[in-house]
Amino acid sequence: MPSPPEHTLFYTLTIQALLFTLAVVSIVLIYAWLVYRLGNSSLRHVPGPWRSIFATKPYEDHRIKRKYTSSFYQAKTIYKLPEIEEHVNSRSLAVLDQVRHGGDDVFSLTSRYALDNITFLVFGPNHGTHSVDQTCTERGILEGLKHQQFIGPLRYRCPWLYNHASDLLQRLSSRLRYLSADEEFPAWCQKKFFAALKGAPLNESHSLVRHLWELKEDGAHDGSIDVPYMAAETLDNIDAAEATIAVTATYLICKLTEAPEWQRKIRQELSALPKQDDGCLLFADIDTRVPSLEACLREVYRMHPSSSGKNERVVPLGGRTLAGVFVPEHTVVTSSVLALHYDGEVYSDPDRFLPRRWIDSSEEERKALDAQLIPFGYGGRTCLGKALATMELKLLIAGLYLEYESMATSVTSAESMKQCSTHDAVPRGLKCVVMFRRVKNNATPE
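In our numbering, the protein residues as written are 818 to 1263.
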């Protein structure tokens, strides 16, 4: 039997090689698909006691878990404990020490400030961080989390691909270490959590770890509070509190830098307040007797909400009619905070920073302004940390602008400060560098 022509043999071998390659590729793709499905399907997200409040979508499950920590974060709890205000003041003074040397990236400073405050409250004074004034691992983790914001969609939608690509890229360059920040942060948080849990007696300090442990030991929650759930809550509480305070404080300082007249108004009102023996102002006075600061803060809440979250809600049983359209039960609905905050029918000149709107409006107009301002969410999912956030922001800004004025630098521009639609709504340039100059007698610059 004659052998086949050379070109026929080549053609046959090529077809076989192609089929073999396709088979291998198919196997790899099927394997990848299975890994992805098992890692990201509903099997992984079954509602259970280990899921934190933030990660719980069903209304009833969320309502139950909210009860666990709501009392811990209530204003009457946060504001009545002097050690909390004392600690926030100490961290504010640490920030002032950092700005005495001139230009500063306030995005990094406020991020560290927020971390130091929330870890004090979550883990207790013996396990809190001091990242504002101490070089530490936490600084690198915070920086990595900020850089990772821009690749969030890929990380969430294609975790298998992201994990493999991330490992490869980090081997190629140490500058890409931030790609693993979402692994470093939970590992760091877990280590701190167990240190707080197993360290000094929990009853020696007011902390979220102690609060959750006491609920667990009480045994009145049918075992729904266990150690994994406690760890999940501490992680999400720290993540949310750090990110939101950093963004809000950064944009507030940025806007005040662009509007020196409002710096002067705030300083004038602060100067009229009595000081304590340590030179600090009482939060109660700042919160109620400095209307210019309140107006500026509200305007920043409106223009630069600190989260790009979708405010998802699940339609309850029976469905609901929304804007004349019937929406079936179990449907996930969402809304845009920016659309509400930039509604021209409610907020005139919505693209302009106009704190005066919160001062000069009539009572009826003010009700309309307040009704659509939801930086902390709305209803049953209102942010539990609102009271703490208010204290942190007002004490920090009061401490800064009572003694300093801020001026723009060439490093920061409108383009670099453009707010991104990432999860934490960070500024595009991931920094906000301003120049602080001390004022003499709270009136004129030195």
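Heads up, the beta-carbon is just placed ideally off N, CA and C, and yes, glycines get one too.
This structure is a prediction, so every number in the text was calculated from the model and none was measured.
- Listed in chain order, the alpha helix (DSSP H) elements of length 4 or more contained wholly in the region 968 to 1052 are 969 to 974, 976 to 989, 998 to 1015 and 1025 to 1035.
- With a beta-carbon spacing of about 10 Å, tryptophan 1005 and threonine 936 fall beyond the 8 Å limit used to define contacts.
- Take glutamate 1086, set aside five residues on each side of it, and the residues of its chain with a beta-carbon closer than 8 Å to its own are Arg1106, Val1107, Pro1108, Ser1109 and Leu1110, in chain order.
- Annotated three-state conformation of tyrosine 1195 is coil, per DSSP.
- Runs of the alpha helix (DSSP H) lying entirely within the region 1163 to 1230, each at least 4 residues long, are 1174 to 1177, 1180 to 1188 and 1203 to 1220 in chain order.
- Short of 7 Å from the beta carbon of lysine 963, and not among the five residues preceding or following it, lie these beta carbons of its own chain, in chain order: Val1243 and Leu1247.
- In terms of CA proximity to asparagine 906, Cys1097 leads the group Ala1060, Cys1097 and Thr1151.
- When the Cα atoms are used, aspartate 1187 and lysine 874 turn out to be separated by approximately 26 Å.
- The beta-bridge partner set that DSSP reports for proline 1244 consists of Gln1236.
- For leucine 1110, the enclosing alpha helix (DSSP H) has its first and last residue at 1108 to 1120.
- Glutamate 1001 and lysine 1203 have their C-alpha atoms roughly 27 Å apart.
- Judged by beta-carbon spacing, valine 939 lies beyond the 9 Å limit of alanine 911, meaning their Cβ atoms are not closer than that value.
- Annotation: phenylalanine 924 is outside any beta strand (DSSP E); the continuous alpha helix (DSSP H) that includes it extends over 923 to 940.
- By alpha-carbon distance to tyrosine 995, the top candidate from Lys1009, Arg972 and Ser1227 is Arg972.
- Taking glutamate 1059 as the centre and dropping the five residues before and after it, the same chain places the C-beta of Ser928, Ala931, Leu932, Ile935 and Leu959 closer than 8 Å to its C-beta, in chain order.
- In this structure, histidine 1121 and tyrosine 1195 do not form a Cβ contact; the two beta carbons are roughly 18 Å apart against a cut-off of 8 Å.
- Taking C-beta separations shorter than 7 Å and ignoring five residues to either side along the sequence, the partners of phenylalanine 924 in its chain run Ala1063, Thr1067, Pro1244, Leu1247, Lys1248 and Cys1249, following chain order.
- Leaving aside the five residues that flank phenylalanine 1143 on each side, the residues in its chain whose CB is nearer than 7 Å to its CB run, in chain order, Gly1136.
- Nearest C-alpha to serine 1124 among Pro1145, Leu1213, Thr1148 and Ser1153: Ser1153.
- With a contact defined as Cβ atoms closer than 8 Å, tyrosine 1118 and leucine 1190 qualify at about 6 Å.
- Taking C-beta atoms under 8 Å as the contact rule, arginine 868 and alanine 1049 qualify, at a distance of about 7 Å.
- When the Cα atoms are used, glutamate 1146 and glycine 1197 turn out to be separated by approximately 18 Å.
- Taking every protein chain shown into account, the CB of valine 1150 has fewer than 16 other CB atoms within 10 angstroms, so this residue is exposed.
- Between the region 880 to 892 and the region 1016 to 1033, the count of C-beta pairs closer than 8 Å reaches three or more; the two stretches touch.
- The straight-line gap separating the alpha-carbon atoms of leucine 1212 and aspartate 1102 is approximately 10 Å.
- When the Cα atoms are used, histidine 981 and arginine 992 turn out to be separated by approximately 17 Å.
- Approximately 6 Å separates the beta-carbon atoms of proline 1172 and tryptophan 1079; this is inside 8 Å, confirming the contact.
- A distance of 9 Å or more separates the beta carbons of isoleucine 870 and methionine 1208.
- Following the DSSP letters along the chain, one finds leucine 1139 inside the beta strand (DSSP E) bounded by residues 1137 to 1139.
- At the C-beta level, phenylalanine 1253 and tyrosine 1221 come within 9 Å of one another.
- By DSSP's assignment, valine 1144 forms a beta bridge with Arg1137.
- Distances from the alpha-carbon of phenylalanine 1011 to those of Leu1090, Gly945 and Ala998 put Gly945 closest.
- Counting along the chain, arginine 1081 sits inside the alpha helix (DSSP H) bounded by residues 1077 to 1088.
- For threonine 1051 and proline 970, the gap between their C-alpha atoms comes out near 24 Å.
- In the three-state reduction of the DSSP assignment, leucine 1157 falls in the helix class, which pools H, G and I.
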